[in-house]
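Numbering (the numbering used here), first residue to last: 612 to 819.
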Amino acid sequence: MNVMLPLYITSGEPAGIGPDICLSLANRQFERPIVVLIDGDLIKQRAQQLKLNVELVEYVDQTEAAPIGQLYIESIPLNSTVVAGQLNADNAAYVLEQLRRSADYAMSGKSVGVATAPVQKSIINEAGIHFSGHTEYYQEFAGVPRVVMMLATKTLRVALATTHLALRDVPDAITPERLHQVIDILIHDLKTKFRIDHPHILVCGLNP
612 MNVMLPLYIT SGEPAGIGPD ICLSLANRQF ERPIVVLIDG DLIKQRAQQL
662 KLNVELVEYV DQTEAAPIGQ LYIESIPLNS TVVAGQLNAD NAAYVLEQLR
712 RSADYAMSGK SVGVATAPVQ KSIINEAGIH FSGHTEYYQE FAGVPRVVMM
762 LATKTLRVAL ATTHLALRDV PDAITPERLH QVIDILIHDL KTKFRIDHPH
812 ILVCGLNP
């Protein structure tokens with residue numbers, strides 16, 4: 612039997628749609644363990660509200676994917692009670708703990724990667740924590756000078772040269788050095804992770 616590393620899912624903002632999206636994973640069959648980082652009581656409550664019959668299993672080094680109807684979770688305790696649709700800055704640290712764990716597992720080789728549910732950046736900043744986005748958080752955690760955000764479909768992949776900037780700041784941020792860094796990362800990953808031997812890359816210009 613081949614041991615399959617898990618893929619971790621951060622459930623994101625607890626008052627948002629993230630927990631609902633994570634529950635829907637129980638209806639699909641995967642090739643490897645999928646583990647949701649979430650408060651155990653929260654996801655049970657959300658399953659009851661949505662009238663979903665999902666068996667929640669605390670993940671402890673399982674090597675096989677969960678059968679349909681089950682969902683692996685790793686419980687992270689909330690700081691405050693959650694009401695769906697009502698943001699609470701008290702739970703900002705809970706959201707960031709999901710990201711910290713997922714990043715630590717990926718960097719230490721305990722997982723094959725991370726997928727993230729939506730967060731509410733403004734409520735994290737309201738809690739006094741500077742946060743501009745998932746991409747920048749993982750970049751800082753990994754201690755690397757440049758990361759690339761890529762949006763992908765089956766037939767098209769779009770990599771961004773800038774992220775989370777005011778539109779007026781974008782022209783000054785697009786420099787030859789930045790473009791070279793982004794394209795180098797893009798070519799490397801298209802070859803190694805997407806197995807495209809000869810990637811064809813077009814660079815879009817700014818509309819003057």
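Yeah, the Cβ is synthetic: ideal placement off N, Cα and C, and Gly gets one too.
In the DSSP assignment, TYR619 forms a beta bridge with VAL646, VAL725. According to DSSP, VAL694 shares a beta bridge with GLN697. Sorting ALA626, LEU797, LEU616, PHE805 by C-alpha distance to the C-alpha of GLN697 places ALA626 at the top.
Bounds of the beta strand (DSSP E) holding SER686 are 681-686. Between LEU616 and SER719, the gap from beta carbon to beta carbon reaches 8 Å or more.
VAL769 is classed as exposed because its beta carbon has fewer than 16 other beta carbons within 10 Å across all chains shown.
CYS633 counts as buried, since at least 16 other C-beta atoms from the protein chains shown sit within 10 angstroms of its C-beta.
Secondary-structure assignment with DSSP links GLU669 through a beta bridge to ILE684.
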